[in-house]
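Sequential numbering from 8 applies to the sequence shown in the working numbering.
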Amino acid sequence: MRVELGPVGYWRHELSHCLHTTAGVLLDFHGLDPVQALGAGWGFDYPAGDVRREEYYFPGAAEDLFGGLAPFHDVRSRWHEPAGAREGWEQVRAALVAGTPVAVAADNFHLPFRPAHRDVHTNHLMVLYGFDDTTGDVFVADPVPPAFQGTIPLAALEAARDSGNPVHHDRDLFFTANPIANRWLEVRIGPEQPAFDPDFVDRVTAANLRGLRAEPDAADVAAGRLRGLAGLRSFLVEAVDRLPGDPAAGDEAFVVIGPVLAVTGLHAEFLRAAGRRFGEPRLAELAREVDRVAHHWSALRIAVATAGPDRAAAVPALLRRTSALLDAYDRALDGLQARLDRRRAALSGA
8 MRVELGPVGY WRHELSHCLH TTAGVLLDFH GLDPVQALGA GWGFDYPAGD
58 VRREEYYFPG AAEDLFGGLA PFHDVRSRWH EPAGAREGWE QVRAALVAGT
108 PVAVAADNFH LPFRPAHRDV HTNHLMVLYG FDDTTGDVFV ADPVPPAFQG
158 TIPLAALEAA RDSGNPVHHD RDLFFTANPI ANRWLEVRIG PEQPAFDPDF
208 VDRVTAANLR GLRAEPDAAD VAAGRLRGLA GLRSFLVEAV DRLPGDPAAG
258 DEAFVVIGPV LAVTGLHAEF LRAAGRRFGE PRLAELAREV DRVAHHWSAL
308 RIAVATAGPD RAAAVPALLR RTSALLDAYD RALDGLQARL DRRRAALSGA
């Protein structure tokens, strides 16, 4: 039997990683614009200590990754955790036969098209969209550079999905020591999706502003849940304070920052697309402000990853970068709030 679902296209944003890239490919397959769906939400929600050593980690959305990525759209996902490799392949094969491409977790060490092949272990995510029983191949889409779409042997896929993902040497860094366990994502796309219009942009902006500027409530404090800018400030300052005596603090910050960076870059792209579509130059200007936040995130993430053995010496620079990042957030949020206030005033007087 041979199944090759299509069209499965290429989608990637330059600041995204395998989670957003995989989601974008699957959303596009189902007829949604990835930038509209993945770029609308912009916030911070982190259950402290809930970090996982996976490249497809997303803070606060362990049970429903795609729901966390697209909070304003009817998009849901759930993990399947098969008992073993045979059951894992049977489940994925059945989904493909039913006409649905899926996201599968895999160890890059076993994937022949990844630069890490036979060198570095890491916890990766990609799209599977077909198979050929006669040749023993499967169809894979992975736009993460160097970007690959085509067939690989089923045996390689099974090894990658069943990997223990061990720490092999000192280049196995942030996404190891967490078995792949043949996990795969089932994705559900609802029939009713919001229209991409000025009212939607206003609703998104208002919700993001509420979330980012909310003060922590008693329940969140008791549960150790960090939300909004207040939670973000607490997370970063605490991570930097811990860094000299706890190398794991740097790993945690690096992993958590990754998806927040991707969300920020995608939100800038969302605002830019809205400005073009609705002829509103102010949205393009605000997109540049959000881009500035993303650039601060990039610099901070690199600085955390390269702090080196003398981590105490890196603390002052990391705190300065954190302060600059939060200032950039305030500037972007002030601009978004001012635009929203003007829109509301104009609509109420119309």
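Built from N, CA and C at the ideal position, the CB exists for glycine as well.
Query                                                                                                                                                          : Result
Taking just the CA atoms, how far does P160 sit from A102?                                                                                                     : 19 Å
Does DSSP classify Q98 as helix, strand or coil?                                                                                                               : helix
In terms of residues, what are the limits of the alpha helix (DSSP H) holding Q200?                                                                            : Run containing Q200: none; DSSP gives neither H nor E here.
Taking C-alpha atoms, which residue in T271, E165, D114 lies nearest to F358?                                                                                  : Since the displayed the chain opens at 8 and closes at 357, residue 358 lies outside it and no answer follows.
Would you list the one or two residues that DSSP bridges to M8?                                                                                                : None, per the DSSP bridge assignment.
Identify the continuous alpha helix (DSSP H) that holds H303 and give its terminal residues.                                                                   : 288-312
Report the option in F203, R220, G265, G197 whose CA atom is closest to the CA atom of R283.                                                                   : F203
By the 10 Å Cβ neighbour count, where 16 or more other Cβ atoms means buried, how is V230 classified, buried or exposed?                                       : It is Ala, not Val, that sits at residue 230 in the sequence shown. Burial call: exposed.
Give the DSSP-derived three-state secondary structure of P205 in the structure shown.                                                                          : helix
In whole angstroms, what is the alpha-carbon distance linking A335 and A167?                                                                                   : 40 Å
May I ask which residues mark the beginning and end of the alpha helix (DSSP H) holding T28?                                                                   : 25-36
For the candidate residues A306, P41, A345, whose alpha-carbon lies nearest to that of A324?                                                                   : A306
Could you pull the start and end residues of the beta strand (DSSP E) that G231 belongs to?                                                                    : No beta strand (DSSP E) contains G231, which DSSP labels as neither H nor E.
For G235, tell me which candidate among H37, M8, W49 has the shortest Cα-Cα distance.                                                                          : W49
Threshold first: 3 residues or longer. Then list the beta strand (DSSP E) segments lying entirely within the region 141-169, N to C.                           : 144-149, 155-160
For the region 53-123, list the beta strand (DSSP E) runs that are entirely contained and at least 3 residues long, ordered along the chain.                   : 82-87, 109-114
Report yes or no: do three or more beta-carbon pairs, one from the region 194-208 and one from the region 144-161, lie closer than 8 Å?                        : no
Check whether the Cβ atoms of V134 and A162 sit closer than 8 Å, and answer yes or no.                                                                         : no
Please name the residue or residues paired with G130 in a DSSP beta bridge.                                                                                    : Checking the sequence, you will find Asn at residue 130 rather than Gly. D114.
Looking at F51: is its Cβ nearer than 8 Å to the Cβ of V267?                                                                                                   : yes
Report all residues from its chain with a CB closer than 6 Å to the CB of S321; omit the five preceding and five following residues, and keep chain order.     : According to the sequence provided, residue 321 is Ala. The question's Ser does not apply to it. Same-chain partners within the cutoff: A314.
Hey, how far is the Cα of R60 from the Cα of F182?                                                                                                             : 4 Å
Contact between the region 276-295 and the region 237-245 is defined here as three or more beta-carbon pairs at a separation below 8 Å; is this criterion met? : no
D114 and H131 - do their beta-carbons sit closer together than 8 Å?                                                                                            : yes
At the level of alpha carbons, what is the spacing between L243 and V104?                                                                                      : 45 Å
Let me make sure I understand the geometry here. Which of P54, W18, L290, E62 has the alpha-carbon closest to that of V42?                                     : W18
Less than 8 Å between C-beta atoms, sequence neighbours within five positions excluded: which residues of the same chain meet that for L347?                   : D209, T212, A213, L216
Are the CB atoms of T329 and A301 nearer to each other than 8 Å?                                                                                               : no
From the DSSP secondary-structure annotation, give me the bridge partner or partners of E193.                                                                  : R85
Pick out whichever of V15, D81, G67, G16 has its Cα sitting closest to the Cα of A47.                                                                          : D81
Taking the alpha helix (DSSP H) that E259 belongs to, which residues open and close that run?                                                                  : 254-285
Grab me the residues of L22's own chain with a C-beta within less than 8 Å of its C-beta, minus the 5 sequence neighbours each way, in chain order.            : L268, A269, T271, G272, L273, A301, S305
What residue range is occupied by the uninterrupted alpha helix (DSSP H) comprising D224?                                                                      : First-last for D224: undefined, no H or E at that position.
Can you tell which of L26, V10, A68 has its C-alpha closest to the C-alpha of E62?                                                                             : L26
In the structure shown, what three-state DSSP assignment does L22 receive?                                                                                     : coil
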